[in-house]
Every structure is written in structure tokens, then in C-alpha cells.
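Residue numbers (full-length UniProt numbering): 1 to 273.
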Amino acid sequence: MPRVALNATSTFRLNGMRNDYSIGDVAGILKVTTRTLRYWDDIGLLSPEWRTGGDHRLYTEDDVQRGMDILIYRSVGIELRDIAVLLDAPSSATLARLRTQHEALQKRRADVDAMLYAVERLIEETEMDKNLSPSQKMRNLGDAWPQLQEEAHEKWGNSKEWAASAAAAESMGKKGWEEFSVDHENFAAELAEAANAGVEAGSEEAKEIVDKHRALIAQWYPVSRSKQVILARMYCEDPRFDETYRGNAHYLRQLIEAQAQAEGLDLGNLVWD
């Protein structure tokens, strides 16, 4: 027997007249979580018109297509708030925004190509058992790294953290560098998923993310929660760091600061301890 579906105006139709998808079906098609779909519905980004008599979401083929469009826009670095505008904007406005994003992606691709080349050099030299100093490894990572290293040395060159991170870099073999790279990429992906799904600062899920970030940094030097907040604030001030977290540095800062507050830290009186 066909099911009855209701929309926001309380009109109805019989399912079976067209293809309908449950929230689980759509999550499977789009390869996202049902939590993400509920968040998109809450912010008006993807709100299915129809619901069952039990108030369960029913997605149409047009809804699924809109979901695919959202993922395409998100994959090229466009924020959710901008995607909502693009999907409902005239084609001329959408085209202008996409051209701007295309230019940004071209620059990012050039940066990534340079990094890939640098990492390939590191792999080759490591396989040849060539001993590299930390400064040589940093130089091999491209034009941006000497500048970052100089800035870091100016700020922390005489600190115990600088010495610890230099020692860690010196001892890293090929496997160590590869594992750190994978761990960082996995964390950036998890952070992006949490941002898309609307994981709230102060929640248990947010704490897990904050602790994972702290563990990543701890591979280089001991990091207290206070240090972690200071680092997160620095990420937001430098677009180079923000890019490594896929544009989610400000979101990461929110999570870290909320956790620090929950643990009793005074965010207005932090120390690098």
C-alpha cells in the first residue's frame, strides 16, 4: 500500500508516484552521516519538503541532486554559508564565485605540487640513507618553509620546545614522516567532518577532537592546554596554518577554547607553560 507523505503546508501525496529516499538512503548515496544531513536541514541548506506521517524525512531525487551539488562545492573549499547562497543565486553570481574559487584552487594546486616535489626529494634522500639536518629537511619542503622556520626561530629559537621539535625532526625516518603526514591529514578530514556536521564546542565529541590535536602537537614537544589555546589562536592569524586545517582553524580554536574553559583555564590570562 502506498504511504502518505506530508509537506510543511500539510498537503499530501501518495509515495510510489516518484522515488523517495529515507535519511539513511541519502546518507549512503552521498557518503555522509545522518548527523550531517540533519545539520544541513537545521541550517536550511538541504531541507526535504516531504515527511512521513511519523515525521521522518523523505528526500526526492531533486533533494539528492542538491546534496551532490553541496558536496561538490564543499570539496573545492567553499564554506557552507556560501554554498547556500550559490545554490539559490542567479547563474551569473554563481559563475563569478566559481571563477574566484578556481583561481584560489590553482594557487593551492601549485603549492601542493611544490610540497609533493619536496616530499619526494626527502623520500629519495632517506632511501639513500643520506643524513639530513633539520634545517635541510625544512629547506626541502619548499619556499614557504624557510620563512616559517625563520619566524618560528625568531619567536621560539631559544625555547625548550624549539630544541625538542628539532630533535624530533632529526630522529624522524621515512616511516615517521609518512605516519605524521597521514595522521595530520586524517585529523584535518575529521575536523572538517565535525564542522560540517555541526559538532558543538564543549561536547564530548569536541573534546575527542581537541585531544587528538593535542596529541599531534605532542609528537614534537610537550603541550599543555594553555599552550594549545595559544597555538590555536596563532593558526587563526596566519592563513598558511588555516589552510593546513582545510579552512577550519577558527572552528578548531572554538573547540579548544571551550575545552580549556571547561577545565578551568582563564582565557584572558594564558601562559606558555
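C-beta: ideal position from N, C-alpha, C; glycine also.
>> Applying the 10 Å Cβ sphere with the 16-neighbour rule, what's the burial state of Thr33?
In response: Position 33 of the sequence shown, counting from 1, holds the residue named residue 33. Its Cβ having fewer than 16 others within 10 Å, Thr33 is exposed.
>> Taking the alpha carbon of His102 as the reference point, which residue from Asp82, Gly77 and Ala89 has its own alpha carbon closest?
In response: Within the sequence shown, the letter at position 102 stands for residue 102. Nearest of Asp82, Gly77 and Ala89 to His102, Cα basis: Gly77.
>> Classify Met17: buried if its beta carbon has 16 or more other beta carbons within 10 angstroms, exposed otherwise.
In response: Indexing the sequence shown from 1 puts residue 17 at position 17. Note that Met17 has pLDDT 47, beneath the 50 cutoff, so the model's placement of it is unreliable and the number below is only indicative. Result: exposed.
> Would DSSP call Trp40 helix, strand or coil?
Replying inline: On the sequence shown, residue 40 is found 40 positions in, with the first residue counted as 1. Judged by DSSP in its simplified three-state form, Trp40 adopts helix.
>> Output needed for Thr9: all residues of its chain with C-beta closer than 8 Å, excluding positions within five of it in sequence on either side, in chain order.
In response: Residue mapping note: residue 9 aligns to position 9 of the sequence shown, counting from 1. Residue placement at Thr9 is flagged as unreliable, the pLDDT there being 42, under the threshold of 50; a coordinate-derived value is accordingly withheld.
> Quick one: what does DSSP say Thr60 is sitting in, helix, strand or coil?
Replying inline: As a working mapping, residue 60 is identified with position 60 in the sequence shown. Correct three-state label for Thr60: coil.
> What residue range is occupied by the uninterrupted beta strand (DSSP E) comprising Arg246?
Replying inline: Stepping through the sequence shown from its first residue, residue 246 is reached at position 246. Counting along the chain, Arg246 sits inside no beta strand (DSSP E), nor does DSSP assign it H or E at all.
> Which partner residues does Tyr21 have in the DSSP bridge list?
Replying inline: Residue numbering aside, residue 21 sits at position 21 when the sequence shown is read from its first letter. When beta bridges are read from the DSSP output, Tyr21 appears opposite Tyr59.
> Under three-state DSSP, which class holds Ile217?
Replying inline: For the purposes of this step, residue 217 is identified with residue 217 of the sequence shown, where counting begins at 1. In the three-state scheme derived from DSSP, where H, G and I count as helix and E and B as strand, Ile217 is classed as helix.
> Considering only residues of the region 77-106, which uninterrupted alpha helix (DSSP H) runs meet the minimum length of 4 residues and lie entirely inside it, listed in chain order?
Replying inline: You should have 80-88.
> Nearest to Phe180 by alpha carbon, out of Glu200, Ala215 and Ala201?
Replying inline: Residue 180 sits at position 180 when you count from the first residue of the sequence shown. Taking only the C-alpha atoms, the option nearest Phe180 is Ala215.
> Smallest Cα separation from Arg51: which of Asp20, Arg99 and Lys207?
Replying inline: The residue given as residue 51 occupies position 51 in the sequence shown. Here the closest residue by C-alpha is Asp20.
> On the premise that Tyr39 lies in contact with Gly198, defined as a C-beta separation below 8 Å, what is that separation, rounded to the nearest angstrom?
Replying inline: Within the sequence shown, the letter at position 198 stands for residue 198. Within the sequence shown, the letter at position 39 stands for residue 39. With a beta-carbon spacing of about 4 Å, Gly198 and Tyr39 fall inside the 8 Å limit used to define contacts.
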